[in-house]
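Asks:
Protein chains: 2
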Amino acid sequence: MNYPNGIKKETNNKKTMTYDSNLSNKNRGMTLEYELNISNEYYREIDKAYIYKKPTPIKIVKVDYPSRDKTVIKEAYFTIPSTTDYNGIYNGKYIDFEAKETQSKTAFALTNIHPHQIEHLKNIYRHGGIAFLIVRFTSLNETYLLMVDKFLTYLERTERKSIPINFFREQAYLIKDGYKPRVDYLKKIDELVGGK
Amino acid sequence: MNYPNGIKKETNNKKTMTYDSNLSNKNRGMTLEYELNISNEYYREIDKAYIYKKPTPIKIVKVDYPSRDKTVIKEAYFTIPSTTDYNGIYNGKYIDFEAKETQSKTAFALTNIHPHQIEHLKNIYRHGGIAFLIVRFTSLNETYLLMVDKFLTYLERTERKSIPINFFREQAYLIKDGYKPRVDYLKKIDELVGGK
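Sequences listed follow chains A and F, in order.
Counting from 1, position 119 in the first sequence corresponds to residue 119 in this note's numbering; the numbering is continuous, with no gaps.
Just remember that this note's numbering sits 196 ahead of the position in the second sequence, which is counted from 1.
Given below as structure tokens:
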């Protein structure tokens, strides 16, 4: 089970913590998510694309109403997402991707992607959508865009439980750090499928 | 402030309640959401379209780790969604809509749709996506599909804070109850924009 939003139980010794997404961003490998969010904001500002991160799926068990105009969720659990994290529209086309970071310098473990997320990406691809993965090797400071067809071909041809860094270097596209937007993944999409 | 997932504070006298989505479905006007979910499931089963409801956006404040493999959200709040509830892919095209129920027999109050949701639908429309509203008048048992262009034209031409039922009867499309799928909204989309 993966914990969404970078929450890593193992690294937390306190029984109760205050959830702070900024803290998460700095210390818990949330940088890619943060950078994608501001990049998507920028794409919206310049009216290029409307792509959003989906909210983290949560199963709500108990709700409190401490006062007239307040609703507090008192018990809820993270659930496994049915789809990928990001989707939206670009040039009239449906776009869909999953973004992941890894600390590894050698390979991206396939346990990072749920089987139904792979199934979802496959369905989007079959139906003419633009589907891909964005994978960041944080220790190497290398961020790749891997189109879903290449990802699926890899999965068909191997029994391995991970994708080696060399596969990314050969079959995926390096996304260089930018300023505005920070992670200009649509530039790669333009080159691949033709854009504005 | 609207409470997502049909939670209506006003109708709840207990300070703490157990959240039960089935109960919600039966007693709190969640039928349309439930029916759309099973309709979307059916569309996926027959490989027609991949359209999902987005998770309800929640701001997490406190998380507990009562044991090694458990993560419990102990304090969280509903937040206003940035986008609409449903999106996905149909015939390679991006599809996006919001679904709402009303008890009124005469009009649909515009307070049901947040201004940034209207802005979002407008952006999707401008960028070539298929965008619409599904509005159910539960007391009349009438469910309408209102394309976003007609909705936006209405908003431009009126100062009213609601859309009268007659506007739906004249400008929107009645979706008849079905069996499989329960709410066959893509049939209307096929008629309007051309489908398989």
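Where is the CB? At the ideal position from N, CA and C, for every residue including glycine.
Note that the structure is predicted; figures quoted are calculated from it, not measured.
#1: Would you mind telling me which residues of chain A sit closer than 9 Å to F:Leu389, beta carbon to beta carbon, in chain order?
#2: I'd like to know if F:Pro377 contacts chain A, where contact means its C-beta is closer than 8 Å to some C-beta of that chain.
#3: Thinking C-alpha only, which one of F:Phe333, F:Ile269, F:Ser278 and F:Pro277 is nearest A:Thr79?
#4: Under a three-way DSSP split, which group does F:Ser358 fall into?
#5: Which two residues bound the contiguous beta strand (DSSP E) that contains F:Glu308?
#6: Just the chain A side, please: which residues come within less than 7 Å of F:Thr252 by C-beta, in chain order?
#7: Chain A beta carbons: is any one of them nearer than 8 Å to that of F:Val268?
#8: Assuming A:Ile51 and A:Tyr43 are in contact, meaning their beta carbons sit under 8 Å apart, how far apart are those beta carbons, in whole angstroms?
#9: Give a yes or no on whether 8 Å exceeds the smallest Cβ distance from A:Tyr87 to chain F.
#10: Consult DSSP for A:Thr79 and reduce its assignment to one of helix, strand or coil.
#11: Would you call F:Thr302 buried or exposed, if buried means 16 or more other Cβ atoms sit within 10 Å of its Cβ?
#12: Taking the alpha-carbon positions, what's the F:Asn233 to F:Lys249 distance?
#13: Would you report the Cα separation of A:Lys26 and A:Thr102, rounded to the nearest angstrom?
#14: Mind the definition here: the stretch 60–72 of chain A touches the stretch 154–173 of chain A only if three or more C-beta pairs lie below 8 Å; say whether that holds.
#15: Whose C-alpha, out of F:Leu341, F:Ser235 and F:Asp345, is nearest the C-alpha of F:Gly325?
#16: Which residue from F:Lys296, F:Arg356 and F:Asp265 puts its Cα closest to that of F:Tyr340?
#17: Would a check of beta-carbon distances place F:Ile320 closer than 8 Å to chain A?
#18: Starting from A:Asn141 and walking both ways along the beta strand (DSSP E), at which residues does that stretch end?
#19: Could you check how far apart the C-beta atoms of A:Ile189 and A:Val183 are, in whole angstroms? I think they sit under 8 Å.
Replies: Put simply:
#1: As a first step, residue 389 of chain F is located in the second sequence; it is residue number 193 there, counting from the start. Note that residue 389 of chain F is Val in the sequence shown here, rather than Leu. Correct list: empty, because the minimum Cβ distance to chain A is about 12 Å.
#2: To locate residue 377 of chain F, count along the second sequence from 1; it is residue 181. Interface flag for F:Pro377 against chain A is unset, since no Cβ pair is found closer than 8 Å.
#3: Reading the first sequence from its first residue, position 79 is the one you call residue 79 of chain A. Checking every option, the nearest Cα to that of A:Thr79 belongs to F:Ile269.
#4: Along the second sequence, one-based indexing puts residue 358 of chain F at 162. In the structure shown, F:Ser358 sits in a strand (DSSP, three-state: E or B).
#5: The residue given as residue 308 of chain F occupies position 112 in the second sequence. The sequence given here places Asn at residue 308 of chain F; Glu does not occur at that position. First-last for F:Asn308: undefined, no H or E at that position.
#6: Numbered from 1 along the second sequence, position 56 holds the residue referred to as residue 252 of chain F. Near F:Thr252 (Cβ distances below 7 Å), the residues of chain A are Pro55.
#7: Stepping through the second sequence from its first residue, residue 268 of chain F is reached at position 72. It does; some Cβ of chain A falls within 8 Å.
#8: Translated into the one-based positions of the first sequence, residue 51 of chain A becomes position 51. Translated into the one-based positions of the first sequence, residue 43 of chain A becomes position 43. That belief holds up - the Cβ atoms of A:Ile51 and A:Tyr43 are roughly 6 Å apart, short of 8 Å.
#9: Mapped onto the first sequence, residue 87 of chain A falls at position 87. The sequence given here has Asn at residue 87 of chain A, not Tyr. Under the Cβ criterion of 8 Å, A:Asn87 is counted among the residues facing chain F.
#10: What you label residue 79 of chain A is simply residue 79 of the first sequence in a count that begins at 1. Coil at A:Thr79, not helix or strand.
#11: For the purposes of this step, residue 302 of chain F is taken as residue 106 along the second sequence, with counting starting at 1. Around the Cβ of F:Thr302, a 10 Å sphere holds fewer than 16 other Cβ atoms; the residue is exposed.
#12: Taking the first residue of the second sequence as 1, we reach residue 233 of chain F at position 37. Taking the first residue of the second sequence as 1, we reach residue 249 of chain F at position 53. Those two C-alpha atoms are separated by around 7 Å.
#13: One-based indexing of the first sequence puts residue 26 of chain A at position 26. One-based indexing of the first sequence puts residue 102 of chain A at position 102. Low per-residue confidence applies at A:Lys26: pLDDT is 41, beneath 50, and the placement is therefore not dependable enough to give any value.
#14: Fewer than three beta-carbon pairs drawn from the stretch 60–72 of chain A and the stretch 154–173 of chain A are found closer than 8 Å, and the two stretches are therefore not classed as touching.
#15: For the purposes of this step, residue 325 of chain F is taken as residue 129 along the second sequence, with counting starting at 1. Scanning F:Leu341, F:Ser235 and F:Asp345 for the CA closest to the CA of F:Gly325 turns up F:Asp345.
#16: One-based indexing of the second sequence puts residue 340 of chain F at position 144. Of the listed residues, the one whose Cα sits closest to F:Tyr340 is F:Lys296.
#17: By one-based count along the second sequence, residue 320 of chain F stands at place 124. Interface residue (Cβ-Cβ distance to chain A less than 8 Å): F:Ile320 is classified as such.
#18: In the first sequence, residue 141 of chain A corresponds to position 141, counting from 1. No beta strand (DSSP E) holds A:Asn141; DSSP gives it neither H nor E.
#19: Residue mapping note: residue 189 of chain A aligns to position 189 of the first sequence, counting from 1. Residue mapping note: residue 183 of chain A aligns to position 183 of the first sequence, counting from 1. At roughly 12 Å, the Cβ-Cβ gap does not stay under 8 Å, so A:Ile189 and A:Val183 are not in contact.
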